[in-house]
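A.B. asks: In the working numbering, the protein residues as written are 68 to 244. The C-beta atom is built at its ideal place from N, Cα and C for all residues, glycine as well. Questions regarding the structure given below will be posed in turn.
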């Protein structure tokens, strides 16, 4: 195997800065998108973004990382160990030393965005969340997935057959021989 690229999410300050800027920029389009979804689901706009929604954001953060961890474990082997942490303003799940195919790593990366967005949309449809709460929670969560989107872009843009190693700080991408 030949190392093609190292990605450091946790200690590379430049990557962290660009991901944070990207997350802020993504909030606006996601606000429009989830507002449109809310208007399609509900007949009228009601409710407010309330204080408890900040608690929900924290819960979403934990669940997001648990979903990553679940898929690390499902796609890993019997020796796969999953760790969780918080560093430099980012929560993370990692499975150091584990190797995954491009397809499996894409599922690991994107499953929290898909599953949590669907869950929040169902909660809005069932009127368990007000429109403003749904729009805010879904938009903030989606924008916070910037690292997962960035990783997915990198994986998709690799032209060669690859193998991805999860590391303590990010990923190593190898060309399969």
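Buried or exposed, going by whether 16 or more other CB atoms sit within 10 Å of the CB of residue 129?
C.D. replies: It is exposed - the Cβ of residue 129 has fewer than 16 other Cβ atoms within 10 Å.
A.B. asks: Distance, Cα to Cα, residue 81 vs residue 228?
C.D. replies: 28 Å
A.B. asks: Apart from the five residues on each side of it in sequence, which residues of its chain come closer than 8 Å, Cβ to Cβ, to residue 179?
C.D. replies: 130, 131, 132, 134, 135, 212 and 215
A.B. asks: How big is the Cα-Cα spacing for residue 186 and residue 121?
C.D. replies: 17 Å
A.B. asks: Where do the ends of the alpha helix (DSSP H) carrying residue 80 lie?
C.D. replies: 80 to 108
A.B. asks: Assign residue 218 to one of two classes, buried (16 or more other C-beta atoms within 10 Å of its C-beta) or exposed (fewer than that).
C.D. replies: buried
A.B. asks: In terms of alpha-carbon separation, which member of 196, 203 and 168 lies closest to residue 223?
C.D. replies: 168
A.B. asks: Closer than 8 Å is the cut-off here; do at least three beta carbon pairs connect the stretch 154 to 162 with the stretch 188 to 204?
C.D. replies: Flag = no, the stretch 154 to 162 and the stretch 188 to 204 do not touch.
A.B. asks: Residues in its own chain within less than 6 Å of residue 92 by CB, not counting five upstream and five downstream?
C.D. replies: none
A.B. asks: In whole angstroms, what is the alpha-carbon distance linking residue 148 and residue 174?
C.D. replies: 18 Å
A.B. asks: Rounded to the nearest angstrom, how far is the Cβ of residue 191 from that of residue 105, given a contact under 8 Å?
C.D. replies: 6 Å
A.B. asks: State yes or no: is the C-beta of residue 226 within less than 8 Å of the C-beta of residue 68?
C.D. replies: no
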